[in-house]
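Q:
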Amino acid sequence: DLHFELSFTDALIHMPKFAPMFKKLLKNKDKPIELTKTPLNENCSAVVLKKLPEKLGDPGRFLIPCDFIGLDNCLALADLGASINLMPLSIWKKLRRPTLNDTKMVLELADRTISKPTGVAENVFVK
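Numbering (the working numbering), first residue to last: 37 to 163.
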């Protein structure tokens with residue numbers, strides 16, 4: 037710990053930018069508390085009053101239910117936006133669709149995990 041002893045006048049001399057604040061404090065001897073009041077906006081008052089919004093739970097998986105003939109309760113497609121959909125390879129094999137085209141694509145998902153697709157199926161209709 038460092039400790040400095042400075043007189044009030046020395047502080048004013050060495051810190052001229054604080055001089056107006058000190059002068060204001062000295063002129064307002066009756067109401068120094070008024071100078072410490074700060075108006076709060078809606079967000080700040082929510083924090084002070086501990087009225088923060090309730091945290092929502094983890095939505096869990098981001099799979100989309102699919103309706104394929106012969107597959108009940110199929111949660112297969114993960115919608116990544118940008119017209120890219122991921123499907124587990126096991127589901128693709130059960131569908132007996134044409135073979136997948138090779139790819140060197142690497143996808144970084146929102147949670148920073150890396151996904152390396154086995155292949156790409158092009159021009160497959162997704163409802």
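Note that the Cβ used here is the ideal one computed from N, Cα and C, for glycine as well.
Name the DSSP beta bridge partners of Ile150, please?
A: The residue you call residue 150 lines up with position 114 of the sequence shown. Note: Ile150 sits in a beta bridge opposite Glu144.
Q: For Lys140, collect the residues of the same chain with a Cβ closer than 8 Å to its Cβ; drop the 5 residues on either side in sequence, then sort them by chain order.
A: Counting from 1 along the sequence shown, the entry for residue 140 is found at position 104. There are no such residues.
Q: Quick one: residues in its chain with C-beta nearer than 7 Å to the C-beta of Leu145, no 5 flanking neighbours on either side, listed in chain order?
A: Within the sequence shown, the letter at position 109 stands for residue 145. Here the set comprises Ser151.
Q: Once DSSP output is grouped into helix, strand and coil, what is the label at Leu92?
A: The residue labelled residue 92 in the question sits at position 56 within the sequence shown. The answer is coil: DSSP assigns Leu92 none of H, G, I, E or B.
Q: Closer than 7 Å by C-beta to Gly155: which residues in its own chain qualify, once you throw out the five before and the five after it? Chain order, please.
A: For the purposes of this step, residue 155 is identified with residue 119 of the sequence shown, where counting begins at 1. Only Leu136, Asn137, Asp138 and Thr139 meet the Cβ criterion.
Q: With a 10 Å radius around its C-beta and 16 neighbouring C-beta atoms as the bar for buried, classify Met123 as buried or exposed.
A: On the sequence shown, position 87 is the one that residue 123 refers to. Label assigned to Met123: buried.
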